[in-house]
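For any residue, its number in our numbering is found by taking its place in the sequence shown, counting from 1, and adding 83.
Presented below is the structure to which this report refers.
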Amino acid sequence: MFSFRCQLCTARFRVYRAQRPAQPSVSDRRQYKRLPVSFRANLLAENARRMDNRVTDISMGGCTLETTATLPQGSFIELVIKPASNEEPIKIGTAMVCSSRPESMGIRFLEMVADDKNRLSQVILSLLVGQSLHPNLLA
84 MFSFRCQLCT
94 ARFRVYRAQR
104 PAQPSVSDRR
114 QYKRLPVSFR
124 ANLLAENARR
134 MDNRVTDISM
144 GGCTLETTAT
154 LPQGSFIELV
164 IKPASNEEPI
174 KIGTAMVCSS
184 RPESMGIRFL
194 EMVADDKNRL
204 SQVILSLLVG
214 QSLHPNLLA
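So, in structure tokens, the structure goes:
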């Protein structure tokens, strides 16, 4: 059995495979495909420190933040992502820093209200459609 997640609705599906899959690489272990973007984001840390950042890739499960001030791994944050100036921001009520590098942080989305999850799904859909229309631009 091989399981995978829908990139939009986050449902898990299972498929039978006759061959045993090879050991997954780091990128294969992700449940969602990360898509390159350049969105503004505001981060509110546990200590009430607000930071302006840039999202460099995103999926339904998380994102990478380009930042000058990193937080320790395991820190809980609130994140507001601004996909475009004319779109309503997407609020991630609870997220966690999964990895911290000198100029970026890996963020896992833990909790968001249904409306924000639907907006995020629409953003991901438009990115996936754009990627399939222009595969050479994002390779």
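Every residue gets a Cβ at the ideal spot worked out from N, C-alpha and C, and that includes glycine.
Using three-state DSSP, classify residue i as helix, strand or coil.
{"i": "residue 183", "result": "strand"}
{"i": "residue 128", "result": "strand"}
{"i": "residue 116", "result": "coil"}
{"i": "residue 169", "result": "coil"}
{"i": "residue 121", "result": "strand"}
{"i": "residue 196", "result": "coil"}
{"i": "residue 203", "result": "helix"}
{"i": "residue 37", "result": "Because residue 37 is not part of the residues shown, which for the chain are 84 to 222, the question remains open."}
May I ask you to list the residues that DSSP assigns as paired with residue i?
{"i": "residue 190", "result": "146, 180"}
{"i": "residue 141", "result": "118, 146"}
{"i": "residue 136", "result": "124"}
{"i": "residue 212", "result": "According to DSSP, which records beta bridges pairwise, residue 212 is partnered with nothing at all."}
Use the C-beta contact count for residue i: other C-beta atoms within 10 angstroms, 16 or more gives buried, fewer gives exposed.
{"i": "residue 133", "result": "exposed"}
{"i": "residue 122", "result": "buried"}
Taking C-alpha atoms, which residue in the options lies nearest to residue i?
{"i": "residue 130", "options": "195, 143, 160, 208", "result": "160"}
{"i": "residue 136", "options": "196, 164, 145", "result": "164"}
{"i": "residue 184", "options": "212, 170, 154", "result": "154"}
{"i": "residue 157", "options": "190, 145, 204, 173", "result": "190"}
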